[in-house]
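Colleague: Sequences listed follow chains A and B, in order. According to our numbering, the first sequence holds residues 1262 to 1516 in order. According to our numbering, the second sequence holds residues 1262 to 1516 in order. Cβ atoms here follow ideal geometry from the backbone N, Cα and C, with glycine treated the same way. Note that the coordinates shown come from a computational prediction; the quantities given were computed from them, not determined experimentally. Before I ask anything, here is the structure I am working with.
There are 2 protein chains.
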Amino acid sequence: MNHHSTMPTALQGYTYEYPRPAVTVDMILFAFQNDRLTVLLIRRTHDPFAGKWALPGGFVGEHEDLYDAARRELQEETNVSNVYLEQLYTFGQPDRDPRMRVVTVAYFALLSADELAEQQVRSGSDAGDARWWDIYQLPQLAFDHARILEYALQRLRWKLEWTALGFLLLPKEFTLSELQRVYETVLHEALDKRNFRRKILASGVLEESGNMRAGDHRPAKLYRFSAQAIELEQARRRFPKPDSHKRSSSPRLRT
Amino acid sequence: MNHHSTMPTALQGYTYEYPRPAVTVDMILFAFQNDRLTVLLIRRTHDPFAGKWALPGGFVGEHEDLYDAARRELQEETNVSNVYLEQLYTFGQPDRDPRMRVVTVAYFALLSADELAEQQVRSGSDAGDARWWDIYQLPQLAFDHARILEYALQRLRWKLEWTALGFLLLPKEFTLSELQRVYETVLHEALDKRNFRRKILASGVLEESGNMRAGDHRPAKLYRFSAQAIELEQARRRFPKPDSHKRSSSPRLRT
DNA sequence: GTGACTAGTGTCACGCAGACACTATTATAC
DNA sequence: GTATAATAGTGTCTGCGTGACACTAGTCAC
């Protein structure tokens, strides 16, 4: 049957003859703190899975866009706003919630260190404890949230390798070493310092801020990322158009 | 509010207190025929958008997995089974259907030339006309289906460049020229013949079938793709692990 | 056998990427 | 103030993938 075109005439009015699963959004909110990649989880206070931890999320409003619902839930449940947010995947196995049919649209969010500092992340009025968890030391999760998280981590890694997204986890200005630590933590492996710097600088998404990070030891140059860098999915083409290798107009390291 | 953890106690039973959008699946079914990339569309017989063309799709069953729903709808509405099918994106703007709130999970499908020949694609019992349309000469589409299709085409292009997916549109055995034509049609641009062959053969997903395509002119070698090639998203890493350049174990062209 | 048509082939030059180790600058402890 | 610890910062060489580019080979139809 095609809901768009060819329902039996009796049903043209579209009432409740068709089963209607509940539709929710769930958020995977990543942040980077203390050299750790962390996710925000909320402790369940009721069955099923009482005591287990779960992704923040909730019902989509009757006239609410999915994206708006994700933003609203993030605000309500964790007091977080102003994040990068993108749709991840939709999970709809019939038995993922033992009580009823729930289809959930998962969203994937990155909280910058600045926002993390400003916004007191707290659990919303009707949510239980909210806590940041190291992505590599997670507690037991409710529902199919472990699977959702795994998928989100995959996506984050992919984004990091192919887009400028890594910057979104850091403060506005940051050193190259800090940036490298984000990459190493997310990808979960060590990177060569010289090659990392060469590659990142050559990509042209960074600019020096002029400031220096004073610290315990030798001060480091601070960088920010050039505005248009966000989500510039550097359209890597396997079969490039005749002249698209002009994109190497980015600055190289000085020689 | 968090449906997973913290509903007001009165609602723990989860009945119908929360708005429940209708949930549907919509399919973008691609095929390659007569050197054209085509999509299957269904003509709407009722308002809204009566007379316009729309993607095949329908309601998700009460206890039905989303993926299963997509397969079932494809079968019922277009008599097509046995296709490559992957989730594309979920579209949920509140006004995308003027009658009611409908959240649709879009799936993206590739029909091989073999299947296309065997299965008489026809419109299902309660669907209107079904027709293949050239992706570059589409009619007016109902709802937000134009946007969905655009997104699907983007995904198809990406898949073609980075995975072995192109083969899924061709018959089991095919010539390199035929494969190149698929790539050119989907990417919508001309490719260099020698470079194309080099790259495809070097990727190691093809093997000669031993047969030849007899034709009007010089016969061409037939290839098939090696089984594990499907959806081998050749994990291209931007920051490869220390020894992952061993992956060049694929055959090079003979010299 | 000639023409039309498609299949099939090789080289060169350049840029990107990976492997690799030492110097520079600052703060602190004594 | 000198030594030490800690982090910042830098260059080269080699190999490989990739893009640009044009001609020969085999078959059929007339």
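Should B/R1281 be flagged as near chain A, meaning a C-beta pair shorter than 7 Å?
Modeller: yes
Colleague: Suppose you measure from the CA of A/A1330 to the CA of B/R1362; what does that come to, to the nearest Å?
Modeller: Going from the Cα of A/A1330 to the Cα of B/R1362 covers about 14 Å.
Colleague: Under 8 Å between beta-carbons, which chain B residues line up against A/G1322? List them in chain order, please.
Modeller: P1280
Colleague: Closest by CA to A/G1353, which one among B/V1341, B/A1378, B/L1327, B/L1372?
Modeller: Checked all of B/V1341, B/A1378, B/L1327, B/L1372; the closest Cα to A/G1353 is B/L1327.
Colleague: Around the C-beta of A/R1281, are 16 or more other C-beta atoms found within 10 angstroms, so that it is buried, or is it exposed?
Modeller: buried
Colleague: Taking only beta-carbon positions, decide if B/H1265 is within less than 7 Å of chain A.
Modeller: The predicted position of B/H1265 is uncertain, since its pLDDT is 48 and thus under 50; no value can be drawn from it.
Colleague: Can you tell me where the alpha helix (DSSP H) with A/T1339 in it begins and where it stops?
Modeller: 1327 to 1339
Colleague: With DSSP as the reference, label A/R1305 as helix, strand or coil.
Modeller: coil
Colleague: Between A/D1287, A/Y1484, A/R1297, which lies nearest to A/V1443 when the distance is taken from Cα to Cα?
Modeller: A/R1297
Colleague: Can you list the residues of chain B that A/E1325 reaches, using a CB-CB cut of under 8 Å?
Modeller: P1355
Colleague: Expressed to the nearest angstrom, what Euclidean distance is found between the alpha-carbon atoms of B/A1292 and A/K1454?
Modeller: 47 Å
Colleague: A/A1391 to B/Y1345, Cα distance in whole Å?
Modeller: 40 Å
Colleague: Report the residue from A/L1301, A/E1434, A/T1285, A/E1422 whose alpha carbon sits nearest the alpha carbon of A/Q1398.
Modeller: A/L1301
Colleague: Would A/G1312 be called buried (16 or more neighbouring beta carbons within 10 Å of its own) or exposed?
Modeller: exposed
Colleague: List the whole-angstrom C-beta distance separating A/D1364 from B/V1382, where the pair is believed to meet the contact cut-off of C-beta under 8 Å.
Modeller: Reading off the sequence shown, one finds Val at residue 1364 of chain A, where the question assumed Asp. Between B/V1382 and A/V1364 the Cβ distance is about 29 Å, and since that is not below 8 Å, they are no contact.
Colleague: If B/V1240 sits next to B/V1366, beta carbons under 8 Å apart, how far is it from one beta carbon to the other, in whole angstroms?
Modeller: Residue 1240 of chain B lies beyond the range of chain B shown here (1262 to 1516); nothing can be said about it.
Colleague: Taking beta-carbon pairs under 9 Å, can you tell me which members of the segment 1336 to 1354 of chain A lie near chain B?
Modeller: E1337, E1338, Q1348, Y1350, T1351, F1352, G1353, Q1354
Colleague: In the DSSP output, which residue or residues are listed as bridge partners for B/Q1348?
Modeller: B/Y1368
Colleague: Within a Cβ cutoff of 8 Å, which residues of the same chain sit near A/D1405, ignoring the five residues on either side of it in sequence?
Modeller: F1352, Q1354, R1357
Colleague: Flag this pair as yes or no: are the beta carbons of A/D1375 and A/P1317 separated by less than 7 Å?
Modeller: no
Colleague: How many Å lie between B/W1393 and B/L1462 at the Cα?
Modeller: 31 Å
Colleague: At a CB-CB cut-off below 7 Å, which residues of chain A make contact with B/V1447?
Modeller: By Cβ distance, chain A contributes nothing, its closest Cβ being about 10 Å from B/V1447, past 7 Å.
Colleague: I need the DSSP call for B/I1289, collapsed to helix, strand or coil.
Modeller: DSSP places B/I1289 in strand when its eight states are reduced to three.
Colleague: Please name the residue in A/F1320, A/R1332, A/E1347, A/A1403 whose C-alpha comes closest to that of A/W1314.
Modeller: In this structure, A/A1403 is the residue among A/F1320, A/R1332, A/E1347, A/A1403 with its C-alpha nearest to the C-alpha of A/W1314.
Colleague: B/V1447 and B/L1421 look like a contact to me (Cβ under 8 Å); what is the Cβ gap, rounded to whole Å?
Modeller: 5 Å
Colleague: For the beta strand (DSSP E) containing B/Y1444, name the first residue and the last one.
Modeller: No beta strand (DSSP E) contains B/Y1444, which is instead part of the alpha helix (DSSP H) from 1437 to 1448.
Colleague: Beta carbon of B/L1448: closer than 6 Å to some heavy atom of the ligand SAM?
Modeller: For the structure depicted, the ligand SAM is absent and the ligand set is empty, with no information on it obtainable.
Colleague: Quick one: list the residues of chain A neighbouring B/V1366, beta-carbon separation under 9 Å, in chain order.
Modeller: T1351, G1353, V1364, V1366
Colleague: Quick one: measure Cβ to Cβ for B/Q1348 and A/Y1350, integer angstroms, because I've assumed they're closer than 8 Å.
Modeller: 7 Å
Colleague: How long is the line joining the alpha carbons of A/Y1279 and B/T1339, rounded to whole angstroms?
Modeller: Approximately 21 Å, taken between the alpha carbons.
Colleague: Closer than 7 Å, CB to CB, is A/V1284 near chain B or not?
Modeller: yes
Colleague: I need the DSSP call for A/A1315, collapsed to helix, strand or coil.
Modeller: strand
Colleague: Pull up the CB-CB distance for A/L1371 and A/V1341, whole angstroms please, since I reckon it's below 8 Å.
Modeller: Contact doesn't hold; Cβ gap of about 11 Å is too wide.
Colleague: Which residue's Cα is closest to the Cα of A/A1451: A/Y1412, A/Q1441, A/K1460, A/R1458?
Modeller: For A/A1451, the nearest C-alpha among the options comes from A/Q1441.
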